[in-house]
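J.:
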Amino acid sequence: MKAMILAAGKGTRLQPLTNNKPKALVAIDGKPLLEIIIKRVISFGFKEIVINVHHFADQIYQFLDEHNNFGIDIQVSDEQDLLLDTGGGLLKAKSLLLDGDPILVHNVDIITNLNLIDLYNFHCRNGALATMAVKERNTSRSLLINPEGELSGWRNNVTGEIKHSKGNFEELTPIAFSAIHVISPQIFNHITETGDFSIMDVYLRLAKTLKIATFDHPNDYWLDLGRIENIEEAANFLNDKEI
Numbered sequence: 009m010k011a012m013i014l015a016a017g018k019g020t021r022l023q024p025l026t027n028n029k030p031k032a033l034v035a036i037d038g039k040p041l042l043e044i045i046i047k048r049v050i051s052f053g054f055k056e057i058v059i060n061v062h063h064f065a066d067q068i069y070q071f072l073d074e075h076n077n078f079g080i081d082i083q084v085s086d087e088q089d090l091l092l093d094t095g096g097g098l099l100k101a102k103s104l105l106l107d108g109d110p111i112l113v114h115n116v117d118i119i120t121n122l123n124l125i126d127l128y129n130f131h132c133r134n135g136a137l138a139t140m141a142v143k144e145r146n147t148s149r150s151l152l153i154n155p156e157g158e159l160s161g162w163r164n165n166v167t168g169e170i171k172h173s174k175g176n177f178e179e180l181t182p183i184a185f186s187a188i189h190v191i192s193p194q195i196f197n198h199i200t201e202t203g204d205f206s207i208m209d210v211y212l213r214l215a216k217t218l219k220i221a222t223f224d225h226p227n228d229y230w231l232d233l234g235r236i237e238n239i240e241e242a243a244n245f246l247n248d249k250e251i
């Protein structure tokens, strides 16, 4: 099984920690985020990983070399010339990802005890182009899902902006995306966007006619390390539990 770790972001919300290092190498209780996510992905049986890089990319290359790629096949998708956002990053890495099987996609700054193989197997059964892990929590932006759990829209809870893809709007339920998803390789046949673009915009466009599913994990711990104030909480969680 193959996974992609999205690690190319500049980590501006983690400044000043990211003034001289990439977000992926910010440490939680002495362990870099990238190491935490790599080891967690490996623990669920994923033996091939693609990592995209941009900000202080040379440090990530050095980190992987010093750890001998953690004993598995790790390839790097280099975005030093242009940061491509989540959708553009996936598209650039296409040749490294395609082997016929679904691909797990995991943001580097997410700490959770979500069972990744449960998410992966659910996707393999549901016939969707993509399956997004979701969880009810406070968020500035919500997915809107229909009673069948399919992506049907999106809402910015700060500005009120709404993007409606399909279905009766009154029947849609807001829920938060957990920044972990599984994509079928066929999705690349439907991506027409180029340059830097968000995978969410792709999902919302495709959801009008194709199945973009969700996987609810309401009882799991989840934390976004994109905010510096969450580092201590993440350290406490990692000290208390194995993820």
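Reading the sequence shown from the start, the letters are residues 9 to 251 in my numbering.
The beta carbon of each residue, even a glycine, is placed where N, CA and C say it ideally should be.
Keep in mind that this is a model prediction, so the values were computed, not measured.
1. Specify, as a first and last residue, the run of the alpha helix (DSSP H) that Thr120 falls within.
2. For Leu105, which residues of its own chain have a beta-carbon under 8 Å away from its beta-carbon, when the five flanking residues on both sides are left out?
3. Looking at the structure shown, is Pro193 part of a helix, part of a strand, or coil, going by DSSP?
4. Determine contact between the region 212-222 and the region 155-164, defined as no fewer than three beta-carbon pairs at a distance below 8 Å.
5. What's the C-alpha gap between Ser150 and Ser206?
6. Just to confirm my understanding: we take Thr147, look at its own chain, exclude 5 residues before and 5 after, and list those with CB closer than 6 Å. What are they?
7. Leaving out the 5 sequence neighbours to the left and right, which residues in its chain are closer than 6 Å to Leu124 when beta-carbon positions are compared?
8. Looking at Leu137: is its Cβ nearer than 9 Å to the Cβ of His198?
9. Give the DSSP-derived three-state secondary structure of Ala16 in the structure shown.
10. Whole angstroms are fine: how far does the CA of Val190 sit from the CA of Pro182?
11. Among the residues of its own chain, which have a CB less than 6 Å from the CB of Ile170, if the five just before and after it don't count?
12. Could you spell out the range, first to last residue, of the beta strand (DSSP E) harbouring His131?
13. Out of curiosity, what's the CA-to-CA distance linking Thr20 and Lys100?
14. Along the alpha helix (DSSP H) that carries Met208, what are the first and last residues, could you check?
15. Contact between the region 220-239 and the region 14-30: three or more CB pairs below 8 Å?
16. Which whole-angstrom value is the C-beta distance of Glu87 and Asn60, which I expect to be below 8 Å?
17. Tell me, to the nearest whole angstrom, how far the beta carbon of Val116 is from that of Ile36; I am working on the premise that it is less than 8 Å.
18. Apply the 10 Å Cβ neighbour rule to Asn227 and answer buried if 16 or more other Cβ atoms are within range, or exposed otherwise.
19. Quick check on the DSSP output: the beta strand (DSSP E) that includes Thr222 runs from which residue to which?
20. Among residues of its own chain, excluding the 5 on either side of Phe64, which ones have a beta-carbon nearer than 6 Å to its beta-carbon?
21. Let me know the secondary structure DSSP gives Ala243 once reduced to three states.
22. Please say whether His114 and Ile188 have beta carbons closer to each other than 9 Å?
23. For a test of the three-state rule: what should DSSP assign to Leu159, helix, strand or coil?
24. Go to Val142, then tell me how far its beta strand (DSSP E) extends in each direction, as first and last residue.
25. Work out the CA separation of Ser186 and Val142 for me, nearest whole Å.
T.: Taking the definition as stated:
1. Note, Thr120: premise wrong, no alpha helix (DSSP H); beta strand (DSSP E) at Ile118 to Thr120.
2. Lys10, Met12, Val58, Leu98, Ile111 and Pro193
3. helix
4. yes
5. 15 Å
6. Ala184
7. Phe52
8. yes
9. Three-state result, Ala16: coil.
10. 20 Å
11. Arg163
12. His131 -> not in any beta strand (DSSP E); alpha helix (DSSP H) instead, spanning Leu124 to Asn134.
13. If I take the Cα positions, the gap works out to 23 Å.
14. Ile207 to Leu214
15. Yes: the two stretches touch, three or more of their Cβ pairs being nearer than 8 Å.
16. 6 Å
17. A Cβ-Cβ distance of about 11 Å is found for the pair Val116 and Ile36, leaving them out of contact under the 8 Å criterion.
18. So Asn227 ends up on the exposed side.
19. Ile220 to Asp224
20. Lys29 and Pro30
21. In this structure, Ala243 counts as helix in the three-state DSSP scheme.
22. Result yes, Cβ atoms of Ile188 and His114 sit closer than 9 Å.
23. strand
24. Ala138 to Lys143
25. Distance between the alpha carbons of Val142 and Ser186 is about 5 Å.
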